[in-house]
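Q: There's a structure below that I have some questions on.
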Amino acid sequence: MGNSKASPAADIVIASVHSLTNGDRIAKFDPKRFKLVLVDEAHHIVAPSYREVLEYFGLNEPSCDSPVLVGVSATLSRADGLKLGAAIDHIVYHKDYMDMIDEEWLANAVFTTVQSEANLSRVKNNKFGDFAAGSLSKAVNTDRTNHVTVRAWLANAKERKSTLVFCVDVEHTKQLTKVFRQAGVDARYLTGKTSKAVRDDQLLRFKNQEYPVLLNCGLFTEGTDIPNIDCVLLARPTRSRNLLIQMIGRGLRLHPGKKDCHIIDMVATLETGIISTPTLFGLHPDEVLNKANGKDLKDKENEAPSTDYDDPDPTQDPDTFDDINLTFTKYDTIYDLILDMKSEKHIRSLSHYAWVRTGEDKYLLSEATGWITIEKSNDTFQSSPSPTNAQQPLWTVHHVKKYKSPTTETAHYTRPRLIATGPDLESAVHAADTYAASEFEERYISILQPWRRRPATSAQLTILNKAKLRKEALRPEDLTRGQATDLITKLKFGGKKRFEKQVGKRKKKEEKAREIEEFRERERVRVGPVL
1 MGNSKASPAA DIVIASVHSL TNGDRIAKFD PKRFKLVLVD EAHHIVAPSY
51 REVLEYFGLN EPSCDSPVLV GVSATLSRAD GLKLGAAIDH IVYHKDYMDM
101 IDEEWLANAV FTTVQSEANL SRVKNNKFGD FAAGSLSKAV NTDRTNHVTV
151 RAWLANAKER KSTLVFCVDV EHTKQLTKVF RQAGVDARYL TGKTSKAVRD
201 DQLLRFKNQE YPVLLNCGLF TEGTDIPNID CVLLARPTRS RNLLIQMIGR
251 GLRLHPGKKD CHIIDMVATL ETGIISTPTL FGLHPDEVLN KANGKDLKDK
301 ENEAPSTDYD DPDPTQDPDT FDDINLTFTK YDTIYDLILD MKSEKHIRSL
351 SHYAWVRTGE DKYLLSEATG WITIEKSNDT FQSSPSPTNA QQPLWTVHHV
401 KKYKSPTTET AHYTRPRLIA TGPDLESAVH AADTYAASEF EERYISILQP
451 WRRRPATSAQ LTILNKAKLR KEALRPEDLT RGQATDLITK LKFGGKKRFE
501 KQVGKRKKKE EKAREIEEFR ERERVRVGPV L
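Residue numbering for the sequence shown follows the UniProt record's numbering, starting at 1 and increasing by one per position.
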């Protein structure tokens, strides 16, 4: 790797994929000499550069003459929905975080989600479907949100000895560090621009618990061993399940005297597809981080503690933001988090496309050329080779395409075509999104499009008012064009029955409340003349 030159005659060669595919470096290794190819972080294995290496060693197709391929990863899934089965035949062993916590291979996790006031609805995406760092930073790195973050930590984790904070970018890291220090906390930061000498020194001091809070951006997600971390503060939102798992995982290493790790997730209510600790475990995205501002700086200085850090001053009173109200939801164990089931808006936490729920465990994404459905199937699969594992339901993705008859010009629809399957809703959504991106126009299906925030059109209101969704007629100011589009889709694809059932339940509750009020009125005793 880098400037190191491995001997082609070595029994074991350790290399990065980037180094192997650099020029003709890989050509000096004879594939016939190797009996095993071991891939770490194997969730990357279907990426083009990895496939290039596998092909060189004859591993792109099954063959008796090729080496054995073994992949290991803590996150066996991809945000783009691409199947690892394109490179890996069989999962021979799997143990998830919950099993490892149960068996005490990892420390227990205690979760707190913090509801902030931020809004990510206008944040752009990068090519991998996660938030673009520059755009995200402008939404998250604000004085108000940074003060909310520090207050949340002070309220929940100030007694913790070693807190690792994940930020969006360099400027966010610096600004949040500043707010911590203004609050009297000895907080320090490391970024990719920090010199190696400073990084090694500060990391050693943190491991020795000489200061309580270390902030970073993009440094400590993969391959980091800081077992003394007993609190992880997630100050950056993400749409990537893998990234969230990696950030949380930094705090789950065992360490003498460490009872558990407190995960504090700064979240904010939104519908643009964010992954937070609740959604990681299949819950409603009730609280998800938001609001920051910042840009990627071209920082030329070698950072040093003497210039980067002012002594924390407990008496310093920064902007107080007295109107900030923090809402905390605490879960004493990972099971409490899972049992807090709220799933009505779950799919919008997994995707930035305009999926709507049209039935129980059924979702639909439509466009002028057809629609894609995600539905829980009656078929099942076994999640691992263990004979004790119960059968799990399978999620299926189907595509229906619209076409015109060449003779009559009337619209016709193809039979539903199976596109993908997944072991859970999240996997199915990622696969469906990847397919939708190639079949549908982004401007019609993305919930981030500006047109969705404009008032509903008169044509939309006419359709909705005919459906008699409520007694009073809907007006343009009552809902946006995007909301109207979603409602019409629900009505068209079976959502009206669900709506009517909900209306019926609401009416029953209202009638019951009215009966109770009438009873109370009859029983009420008033001071005065008896009539």
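Built from N, CA and C at the ideal position, the CB exists for glycine as well.
Everything numeric in this text was worked out from a predicted model, so none of it was measured.
Thinking residue 166 and residue 216 are a contact (beta carbons under 8 Å), I'd like their distance in whole angstroms, please.
A: With a Cβ gap of about 7 Å, residue 166 and residue 216 count as contacting.
Q: Check whether the Cβ atoms of residue 353 and residue 433 lie closer than 8 Å to each other.
A: Yes, the pair counts as a contact, with Cβ atoms nearer than the cut-off.
Q: Report the residue from 410, 249, 422 and 54 whose alpha carbon sits nearest the alpha carbon of residue 379.
A: The option with the nearest alpha carbon to residue 379 is 422.
Q: If you draw a straight line from the C-alpha of residue 464 to the C-alpha of residue 42, how long is it?
A: Approximately 49 Å, taken between the alpha carbons.
Q: What residue range is occupied by the uninterrupted beta strand (DSSP E) comprising residue 357?
A: Its beta strand (DSSP E) spans residues 356 to 359.
Q: Just to confirm my understanding: we take residue 403, look at its own chain, exclude 5 residues before and 5 after, and list those with CB closer than 8 Å. What are they?
A: So the qualifying residues of the chain are 411, 412, 413 and 414.
Q: I need the straight-line Cα distance from residue 371 to residue 87, nearest angstrom please.
A: Taking the straight line from one Cα to the other gives about 30 Å.
Q: Taking the beta carbon of residue 40 as the centre, do at least 16 other beta carbons fall within 10 Å, making it buried, or is it exposed?
A: Its Cβ having fewer than 16 others within 10 Å, residue 40 is exposed.
Q: Residue range of the alpha helix (DSSP H) that residue 200 falls in?
A: Where residue 200 is concerned, the enclosing alpha helix (DSSP H) stretches over 196 to 207.
Q: Residue 160: which of 34, 232 and 147 sits nearest, CA to CA?
A: For the residues 34, 232 and 147, the minimum Cα distance to residue 160 belongs to 232.
Q: In angstroms with no decimal places, state the Cα-to-Cα distance between residue 8 and residue 17.
A: Each residue's Cα considered, the two are about 16 Å apart.
Q: According to DSSP, which residues form a beta bridge with residue 125?
A: Answer by DSSP bridge pairing, in chain order: 131.
Q: Between the Cα of residue 110 and those of 147, 157 and 135, spot the shortest distance and give me the residue it belongs to.
A: Residue 110 has its Cα closest to that of 157, out of 147, 157 and 135.
Q: For residue 350, count the other beta carbons within 10 Å of its own beta carbon; 16 or more makes it buried, fewer makes it exposed. Which is it?
A: So residue 350 ends up on the buried side.
Q: Can the beta-carbon of residue 125 be found less than 8 Å from the beta-carbon of residue 132?
A: Closer than 8 Å, so yes.
Q: Do residue 244 and residue 266 have their C-beta atoms within less than 8 Å of each other?
A: No, these two residues do not count as a Cβ contact at 8 Å.
Q: From residue 136 to residue 176, what distance separates their C-alpha atoms?
A: Each residue's Cα considered, the two are about 15 Å apart.
Q: According to DSSP, is residue 188 helix, strand or coil?
A: Three-state result, residue 188: strand.
Q: Which residue marks the beginning of the alpha helix (DSSP H) containing residue 174, and which one marks its end?
A: Looking at the DSSP string, the run of the alpha helix (DSSP H) that includes residue 174 is 170 to 182.
Q: Within 10 Å of its beta-carbon, does residue 28 have 16 or more other beta-carbons around it, so buried, or fewer, so exposed?
A: Classification for residue 28: exposed.
Q: Could you check where the beta strand (DSSP E) with residue 412 kicks off and where it finishes?
A: Start and end: 411 to 413.
Q: Could you have a look at residue 289 and say whether DSSP puts it in helix, strand or coil?
A: Because residue 289 carries a pLDDT of 26, less than 50, the predicted location of this residue cannot be relied on, and no value is offered for it.
Q: Note down, in chain order, each residue of its chain lying with its Cβ closer than 6 Å to the Cβ of residue 236, except the 5 sequence neighbours on either side.
A: Cβ within range, chain order: 166, 167 and 168.
Q: From the DSSP output, in three-state form, read off residue 60 for me.
A: It is coil, neither helix nor strand.
Q: To the nearest angstrom, how far is the alpha carbon of residue 225 from that of residue 443?
A: Residue 225 and residue 443: Cα-Cα distance of roughly 43 Å.
Q: For residue 537, is the classification buried or exposed, using 16 other Cβ atoms within 10 angstroms of its Cβ as the cut-off for buried?
A: Outside the displayed range of the chain (1 to 531) lies residue 537, so it cannot be described from this structure.
Q: Mark residue 13 as exposed unless 16 or more other C-beta atoms lie within 10 angstroms of its C-beta, in which case mark it buried.
A: Exposed is the call here.
Q: In three-state DSSP terms, what is residue 283?
A: With a pLDDT of 41 at residue 283, under the threshold of 50, the modelled position of that residue is not reliable, and no figure is offered here.
Q: With a threshold of 6 Å on Cβ separation, who are the neighbours of residue 183 within its own chain once the five nearest residues in sequence on each side are excluded?
A: Closer than 6 Å at the Cβ level, and outside the excluded window around residue 183, lie 150.
Q: Since residue 99 is in the alpha helix (DSSP H), which residue starts that stretch and which ends it?
A: Residue 99 -> alpha helix (DSSP H) spans 97 to 102.
Q: One question on the structure: do residue 420 and residue 397 come within less than 8 Å of each other, judged by their Cβ atoms?
A: Yes; because the gap between Cβ atoms is below 8 Å, this pair is in contact.
Q: So, with DSSP's three-state summary, where would you put residue 242?
A: Residue state, collapsed to three classes: helix.
Q: Can you tell me whether residue 438 is buried or exposed? The criterion is at least 16 other CB atoms within 10 Å of its CB, across all chains shown.
A: So residue 438 counts as exposed.
Q: Which stretch, first to last residue, makes up the beta strand (DSSP E) that contains residue 366?
A: Where residue 366 is concerned, the enclosing beta strand (DSSP E) stretches over 362 to 367.
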